[in-house]
Ligand SMILES: [Zn+2]
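Numbering (this note's numbering), first residue to last: 46 to 490.
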């Protein structure tokens, strides 16, 4: 493979500002029209061999016919990016600048370098390269590329509808997710390839307090207003939900236990025995570690009176809740009611879903991922885990529970911090190894 040419192609992808915005009329329509055309120019073999179907406005669904009928592999990525409006970018976010780090390694800068044009380019390069070598996959391979992941994810859901309607049998699905990171787990010195086998459920819940209105110049002596009552409920809902080890923690500990030494290794290998130790380590660690072992609730939006001098008749708060794997939305809503302990506070689910089904961390799909990693990132330890954020992959659990969330790039803490922030960048070497991962995965069929 010509590495320099592959990097130049990724730069071309990064230069198209396919920025998703909630106000879609503010989007650069030309960029969204141009991007699929650019793909066909940059990856001609792929476009000559694979069948391309447009799904809705921004969904691209490719089918690579396999040698024999059988369960299909689906690789997902998205080609929209979050805005890059915030000031302070060292390199213009859509210029795709290529620089050298102090150690001489090359680095590519730009919005989408990792999330998710990096993964998109990695998949395209791997397929194009394999086609050049005359490779034909054993079973069908689908590539599902959404252009609205960052706002709605309708393209991914629509692609699932298409595949379901056709009765396509699926072996497994790979979407963006965890990465190859170092120092993420105490006791393990090797880099860990963290592969999402699950994700938390997500919900928006409205809390509503209603009290008589009136002039703010003579508020009730009791101090009870819609806002003060709501404030008490907010305090109660902001307390932590009890922690517990979710079912996904056990395969994670097993993977870590295979490498960790000393007392931590012992704890990872015997999680039931060392439950209190592990729980304490996670709940007193980072906020992310804490969020792995419990449902989280945070009030994100508030609304009170319409004017400064008016007693609110209604005050509302929106709770963003993430339901831990093993629990359910219903159970967590009941818990909110119990914790608030105020029949005068309305609790209403505005949107929400249970955690989707968990993918197995054993069996053939998992083995294929592990084998591909052994080829592209032999120094890393594959670790299954439950993702904290919601992904488009959740839609695909309607086809199979075997949905894995993994982005095959080595990432430092600084690089992770660049996602959805300023100065997103990827090391060229990490990108090339990512391509090698996708290639090995496709060849393993
Ligand atoms: Zn993404």
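Backbone N, C-alpha and C fix where the C-beta goes; we use that ideal spot for every residue, glycine too.
A quick note: this is a predicted structure, and the numbers were derived from the prediction, not measured.
For the pair residue 376 and residue 190, the Cα-to-Cα distance works out to about 35 Å. Proximity of the beta carbon of residue 123 to ligand 1 is indicated: a heavy atom of the ligand is located closer than 7 Å. Contact between residue 470 and residue 154 is confirmed by a C-beta separation of about 5 Å, below the 8 Å threshold. Distance check between residue 149 and each of 485, 474 and 481 places 474 closest, using alpha-carbon atoms only. Residue 48 is positioned such that its CB atom lies no closer than 8 Å to that of residue 395. Sixteen is the threshold: since fewer than 16 other Cβ atoms of the shown chains lie within 10 Å of the Cβ of residue 407, the residue is exposed. When the five nearest sequence neighbours on each side are left out, the beta carbons in the same chain lying within less than 6 Å of the beta carbon of residue 339 are those of 286, 288 and 369, in order along the chain. With a cut-off of 7 Å, the C-beta of residue 244 is classified as distant from ligand 1, since no heavy atom of the ligand falls inside that distance. For residue 365, the enclosing beta strand (DSSP E) starts and ends at 359 to 368. Secondary structure in the stretch 187 to 235: the alpha helix (DSSP H) runs of 4 residues or longer, each lying completely within the stretch, are 199 to 210 in chain order. Annotation: residue 372 to residue 397 spans about 13 Å, alpha carbon to alpha carbon. Non-local beta-carbon contacts of residue 472 in its own chain, meaning distances under 6 Å to residues more than five positions away in sequence, involve 150 and 152 in chain order. Secondary structure note for residue 306: it is in no beta strand (DSSP E), with a DSSP letter that is neither H nor E.
Your pair residue 431 and residue 245 checks out as a contact, with CB atoms roughly 7 Å apart and the cut at 8 Å. The DSSP-derived three-state label of residue 297 is helix. Relative to the non-hydrogen atoms of ligand 1, the Cβ of residue 460 never comes closer than 7 Å to any of them. A distance criterion of 7 Å places the beta-carbon of residue 75 beyond contact range of ligand 1, judged by its closest non-hydrogen atom.
Residue side-chain check: residue 469 keeps its Cβ at 7 Å or more from all non-hydrogen atoms of ligand 1. Between residue 87 and residue 54, the alpha-carbon positions lie close to 7 Å from each other. Contact check for residue 484 against residue 174 passes: the beta carbons are separated by less than 8 Å. In the three-state DSSP reduction, residue 266 falls in the coil class, being neither helix nor strand. At the C-beta level, residue 355 and residue 258 come within 8 Å of one another.
With a threshold of 7 Å, the Cβ atom of residue 216 does not count as near ligand 1, since no heavy atom of the ligand is closer than that.
In the three-state scheme derived from DSSP, where H, G and I count as helix and E and B as strand, residue 422 is classed as coil.
Judged by DSSP in its simplified three-state form, residue 313 adopts helix. Proximity of the stretch 432 to 442 to the stretch 212 to 225 meets the contact definition, three or more beta-carbon pairs being nearer than 8 Å. DSSP places residue 483 in the helix class (H, G or I) of the three-state scheme.
The beta-bridge partner set that DSSP reports for residue 121 consists of 189. Per DSSP, residue 289 is not a residue of any alpha helix (DSSP H), being assigned neither H nor E. Assigned with DSSP and collapsed to three states, residue 167 falls in helix.
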